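Q: Below: one structure in structure tokens.
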Amino acid sequence: RPRAASMTNRDRRAVRIEPAAGGYRVLVEGAPLASPARRELRLATAELARAVAAEWTGRPGQTGLAQPRLTVLAGRAADLDARARERIEADLAAHIETDLVCYRADGPPDLVALQAARWDPLLAWAGRRFGWAPAVTAGVLPTAPAPALVARYARVLAGLGAAALVGLQAAARATRSLVVALARLEGEIDAEGAWCAANVEEGYNAARWGEDDEAAGHRALRRADLAAAAVHLAGLRPPRR
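Going by the working numbering, the final residue of the sequence shown carries number 855, and the count climbs one at a time with no gaps.
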């Protein structure tokens with residue numbers, strides 16, 4: 615049996631995908647990709663398998679924006695145990711108290727209007743989809759969400775599979791919003807819509823005042839993280855015909 619390909623060794627170039635139990639697997643020089651715990655990676659759809667395979671056809675030693683983010687997410691999902699799952703669910707639930715789309719600027723008026731235009735539809739969707747949307751406040755001081763709201767979203771998280779939960783956490787971290795991440799998971803918005811929602815204030819300030827190289831670099835990394843999470847989440851379900 616071929617030895618599983620390491621997630622950190624990218625100097626092999628012959629890459630292919632093939633059907634396997636539970637979906638598809640990616641082989642690099644004949645060896646299936648495996649998780650850090652040496653579990654063979656299984657991808658739910660051919661689309662996701664092709665996206666993972668594409669990460670292994672580039673030059674070895676790539677860093678930063680070219681990191682194999684999809685492979686890492688698949689590995690985390692493969693290795694997810696009960697304790698790790700509990701930590702991820704707690705991390706995601708904490709976003710309810712600090713969710714980006716709930717904290718609005720006091721001004722200027724055009725920024726306030728832009729936030730409302732981007733975020734109000736997402737909160738309305740969350741209310742329809744999950745029966746309760748987090749409350750909106752102005753300023754930066756956190757507000758404690760109702761325990762019943764936290765419990766409702768905790769039930770949503772508990773019902774997710776390992777791959778969906780891992781991808782949701784990656785999207786929530788990149789956007790600083792559970793609402794935005796859930797909207798991407800459910801297909802309510804695409805990757806570009808998620809980025810626009812997550813980047814309202816930064817984009818506004820960059821357009822108005824300019825942006826230094828360090829801030830631009832951080833934004834580029836966040837966008838790459840979100841793009842990978844969006845592809846991962848979209849790849850968990852077959853494309854619509």
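In this text, a Cβ means the ideal position worked out from N, Cα and C, and glycines have one as well. No experiment lies behind these values; they were computed from the predicted model shown.
Sorted by chain position, which residues of the same chain lie with C-beta nearer than 7 Å to residue 726's C-beta, five sequence neighbours on each side aside?
A: Once the five neighbours on either side are set aside, the close Cβ partners of residue 726 are 718 and 719.
Q: To which residues does DSSP link residue 648 through a beta bridge?
A: 654.
Q: Can you tell me which of the three DSSP states residue 752 falls into?
A: Three-state DSSP puts residue 752 in a strand.
Q: Can you check DSSP and say which residues form a bridge with residue 717?
A: Answer is 751, bridged to residue 717.
Q: Classify residue 700 as helix, strand or coil using the three-state DSSP reduction.
A: DSSP places residue 700 in helix when its eight states are reduced to three.
Q: For residue 836 and residue 788, what's the separation of their Cα atoms in angstroms?
A: In a straight line, the C-alpha of residue 836 is about 5 Å away from that of residue 788.
Q: Can you list, in chain order, the residues of its chain whose CB lies under 6 Å from that of residue 757, leaving out five sequence neighbours each side?
A: Counting only Cβ-Cβ distances below 6 Å, and skipping sequence neighbours, we find 751.
Q: How is residue 829 classed by DSSP in three states: helix, strand or coil?
A: Looking at residue 829 - three-state DSSP - the assignment turns out to be helix.
Q: Can you list, in chain order, the residues of its chain with a C-beta nearer than 7 Å to that of residue 741? Leave out the 5 residues immediately preceding and following it.
A: Same-chain partners within the cutoff: 747.
Q: When the distance is taken between beta carbons, is residue 692 closer than 8 Å to residue 664?
A: No, the pair does not count as a contact, with Cβ atoms beyond the cut-off.
Q: In whole angstroms, what separates the C-alpha of residue 714 from that of residue 791?
A: Taking the straight line joining both Cα atoms gives about 5 Å.
Q: Do you know how far the Cα of residue 700 is from the Cα of residue 677?
A: Note that residue 677 scores 45 on pLDDT, short of 50, meaning its location in the model is unreliable; the coordinates nonetheless yield the value given after this. Looking at the two C-alpha atoms, the distance is approximately 30 Å.
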